[in-house]
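Engineer:
2 protein chains.
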Amino acid sequence: MPKYKCVLAYDGTEFAGYQVQPEKRTIQSEFEAVLAQMHKGTMIKVTASGRTDSGVHAKGQVIHFDSPLTFPTENWVKAFSALLPNDIVVLKVDIVPDDFHARFHTTGKEYRYIIDRSKLRDPFKRNYAYHFPYSLDELKMKEAASHLIGTHDFTSFCSAKTEVVDKVRTIDEIDFEENGCYLVFRFVGEGFLYNMVRILVGTLLDVGSGKIDPQDIIGILNQKDRSFAGKTAPAQGLYLWKVFYK
Amino acid sequence: MPKYKCVLAYDGTEFAGYQVQPEKRTIQSEFEAVLAQMHKGTMIKVTASGRTDSGVHAKGQVIHFDSPLTFPTENWVKAFSALLPNDIVVLKVDIVPDDFHARFHTTGKEYRYIIDRSKLRDPFKRNYAYHFPYSLDELKMKEAASHLIGTHDFTSFCSAKTEVVDKVRTIDEIDFEENGCYLVFRFVGEGFLYNMVRILVGTLLDVGSGKIDPQDIIGILNQKDRSFAGKTAPAQGLYLWKVFYK
Chain D
1 MPKYKCVLAY
11 DGTEFAGYQV
21 QPEKRTIQSE
31 FEAVLAQMHK
41 GTMIKVTASG
51 RTDSGVHAKG
61 QVIHFDSPLT
71 FPTENWVKAF
81 SALLPNDIVV
91 LKVDIVPDDF
101 HARFHTTGKE
111 YRYIIDRSKL
121 RDPFKRNYAY
131 HFPYSLDELK
141 MKEAASHLIG
151 THDFTSFCSA
161 KTEVVDKVRT
171 IDEIDFEENG
181 CYLVFRFVGE
191 GFLYNMVRIL
201 VGTLLDVGSG
211 KIDPQDIIGI
221 LNQKDRSFAG
231 KTAPAQGLYL
241 WKVFYK
Chain L
1 MPKYKCVLAY
11 DGTEFAGYQV
21 QPEKRTIQSE
31 FEAVLAQMHK
41 GTMIKVTASG
51 RTDSGVHAKG
61 QVIHFDSPLT
71 FPTENWVKAF
81 SALLPNDIVV
91 LKVDIVPDDF
101 HARFHTTGKE
111 YRYIIDRSKL
121 RDPFKRNYAY
131 HFPYSLDELK
141 MKEAASHLIG
151 THDFTSFCSA
161 KTEVVDKVRT
171 IDEIDFEENG
181 CYLVFRFVGE
191 GFLYNMVRIL
201 VGTLLDVGSG
211 KIDPQDIIGI
221 LNQKDRSFAG
231 KTAPAQGLYL
241 WKVFYK
């Protein structure tokens, strides 16, 4: 039975996140409903690289599933495009080796976070960027980012609700780029904890607006306590941009 | 009592159009609710340059109202930004002469219509463009447009539901421009009938895809019958872009 890998994009606005939850509209449940439809009612389980929260978007989420169906991958793309709701799209389908696993085989992920710095909030961007019209000292933010890059215990930068025990993670890259009125943060690392990117952004914005000194980042990491870092930036600015595999 | 003119932008997705309707969320009712709040419960009537339909967006709708409040125009902008829901924003407020009228004094309007020509539909654009991945002959569309420019009876290009008797209108400009995967139609004229821009777009797309010959436009105009023109293109691609005054 072939194993399929799909790259998908979704607008997270109208979803209660990626993972199946009773009575809620989720990406996984919509996707599995379409697969069941394609397989005459047989439930096909889907495994993703990881979850995304309510309101969080994806430009390159990766999932896998096994299916007895063997039509060409371009026909899978067309079928998904026709059957999935218009806030999810499958960009690419590949046949992968039997032992491929969308979650266990990731070697890294890239997240982006979009800040809208226009003076007036933009009604067309309300679900796609975080409106933050205040001035930011980018040099200070760069310095703070340099303290976050590398391998650290990120307990201070993940939701207190996390069940994961080992909170040591490695961040390979943090950078940000101005694009018109937008400031786009890029985070690349082998893996991220629950809410980690949003707390990193919230803290970097606190540094940029002078509430936290760049040097303080070292102390915040050492505290290993969520209450020392900045606020969790809102979901609508966050995009799971790319998932890396060997 | 000063008269105020406001330029506003709104994402039409979650509105049942501009105009007040019982039990429906409309731009006018949200705006008037905020004005009532600012005026301690007194109802302030708002007059727009014209209505927009459910799902139709505005980048430059114009409204006027009279108010006894006299704070500086930049404070009006800030107050509106704070009080209006996040899918409406007031871009500009000006004090205008007593006899200004947002509807009767317009000298023209510009509408834009955005077509998304990417092969795969984009979940992030589902409410902001019309996905039309088929090939289009732009030369034929330009020829068809040339027959529509000028003063004509546009009965064939307006909703049969229109109550207006005189259906003669003047279109000054129709052009379209490629912008990445988007094709943006621009329509400028002194005034447009109900659904007119969307029917013009639907008909131009029929010309571009070879279903209607450019020359046939002349005959369609002469029929003065809605059933001869193309389909009404969907609301989500349409933007009231600018309203002109002397």
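Top line first, the protein sequences correspond to chains D and L. Residue 24 in the UniProt record's numbering sits at position 24 of the first sequence; the count goes up by one each step and never skips. Residue 178 in the UniProt record's numbering sits at position 178 of the second sequence; the count goes up by one each step and never skips. Using N, Cα and C, we set each Cβ at its ideal position, and we do this for glycine too.
1. Just to confirm, are L:Pro68 and D:Ile88 a CB contact at a threshold of 8 angstroms?
2. Once the 5 residues before and after residue 248 of chain D are set aside, which same chain residues still bring their CB inside 7 angstroms of it?
3. Using 8 angstroms as the limit for Cβ to Cβ distance, is L:Asp225 near chain D?
4. Compare the C-beta of L:Leu83 with all C-beta atoms of chain D and state if any pair is closer than 8 angstroms.
5. Report, in whole angstroms, the separation of the C-beta atoms of L:Cys158 and L:Asn195, which I expect to be a contact under 8 angstroms.
6. For L:Ile174 and L:Lys167, I'd like the C-alpha separation in whole angstroms.
7. Along the chain, where does the alpha helix (DSSP H) that runs through D:Gln223 open and close?
8. I'd like to know whether the C-beta of D:Ile88 is nearer than 8 angstroms to at least one C-beta of chain L.
9. Which one or two residues does DSSP pair with L:Gly41 in a beta bridge?
10. Between D:Val20 and D:Thr26, which are expected to be in contact by the criterion C-beta below 8 angstroms, what is the C-beta distance as a whole number of angstroms?
11. Rank D:Tyr113, D:Ile95 and D:Gln236 by C-alpha distance to the C-alpha of D:Gly55 and give the top, closest one.
12. What's the gap between the Cα of L:Thr151 and the Cα of L:Ile220?
13. Cβ of D:Phe192 within 8 angstroms of Cβ of D:Arg169?
14. Please determine, among L:Leu120, L:Val184, L:Glu32 and L:Ile218, the residue with the shortest C-alpha to C-alpha distance to L:Glu138.
15. Output, in chain order, the set of chain L residues within a Cβ distance shorter than 8 angstroms of residue 248 of chain D.
16. May I ask you to report which of helix, strand or coil DSSP gives D:Phe15?
17. Cβ atoms of D:Tyr130 and D:Pro22: under 8 angstroms apart, would you say?
18. So that I know if they touch, is there some Cβ in chain L lying closer than 8 angstroms to that of D:Ile240?
19. Return no unless some Cβ of chain L is closer than 8 angstroms to the Cβ of D:Arg121.
20. Which residues share a DSSP beta bridge with L:Tyr111?
21. Compare the beta carbon distance of L:Pro2 and L:Thr70 with 8 angstroms and say whether it is the shorter of the two.
22. Given a limit of 7 angstroms on CB to CB distance, which residues of the segment 29–50 of chain L reach chain D?
23. On the three-state DSSP scale, how would you describe L:Phe132?
24. Could you tell me which residues DSSP puts in a beta bridge with L:Ile95?
25. Do L:Glu32 and L:Pro85 have their C-beta atoms within less than 8 angstroms of each other?
26. In its own chain, which residues sit with a C-beta less than 6 angstroms from the C-beta of L:Gly230, not counting the 5 before and 5 after it?
27. Apart from the five residues just before and just after D:Phe244, which ones in its own chain have a Cβ nearer than 6 angstroms to its Cβ?
28. My output table needs one value for D:Thr73: the three-state DSSP class, helix, strand or coil.
29. Starting from D:Thr203 and walking both ways along the alpha helix (DSSP H), at which residues does that stretch end?
30. Where does L:Phe80 sit, in a helix, a strand or coil, going by DSSP?
31. Listed in chain order, which residues of the segment 129–144 of chain D have Cβ atoms closer than 8 angstroms to some Cβ of chain L?
32. Please look up how many angstroms separate the CB atoms of L:Tyr182 and L:Arg117, rounded, as I've assumed it's under 8 angstroms.
33. Run through chain D and tell me which residues come within less than 8 angstroms of L:Leu69, C-beta to C-beta.
34. Going by other Cβ atoms of all chains shown within 10 Å of its Cβ, with 16 needed for buried, is L:Ser49 buried or exposed?
35. Who are the Cβ neighbours of D:His64 in its own chain at under 8 angstroms, not counting the five residues just before and after it?
Structural biologist: Let me spell this out:
1. no
2. Here chain D has residues from 1 to 246 only, and residue 248 of chain D is not among them.
3. no
4. no
5. 6 angstroms
6. 18 angstroms
7. Asp216 to Gln223
8. yes
9. In DSSP, L:Gly41 forms no bridge with anything.
10. 6 angstroms
11. D:Gln236
12. 15 angstroms
13. yes
14. L:Val184
15. In the structure as shown, chain D begins at 1 and stops at 246. Residue 248 of chain D is therefore absent and cannot be evaluated.
16. coil
17. no
18. Ile is not the amino acid found at residue 240 of chain D; the sequence shown has Leu there. Judged by the 8 angstroms Cβ criterion, D:Leu240 is not in contact with chain L.
19. yes
20. L:Phe187 and L:Leu240
21. yes
22. none
23. coil
24. L:Tyr4
25. no
26. Gly202, Thr203 and Asp206
27. Thr107 and Gly108
28. helix
29. Met196 to Gly208
30. helix
31. none
32. 7 angstroms
33. Under the 8 angstroms cutoff, chain D gives no residues; its nearest Cβ is about 20 angstroms from L:Leu69.
34. buried
35. Lys3, Tyr4, Lys5, Cys6, Val46, Thr47, Val96, Phe100, His101 and Ala102
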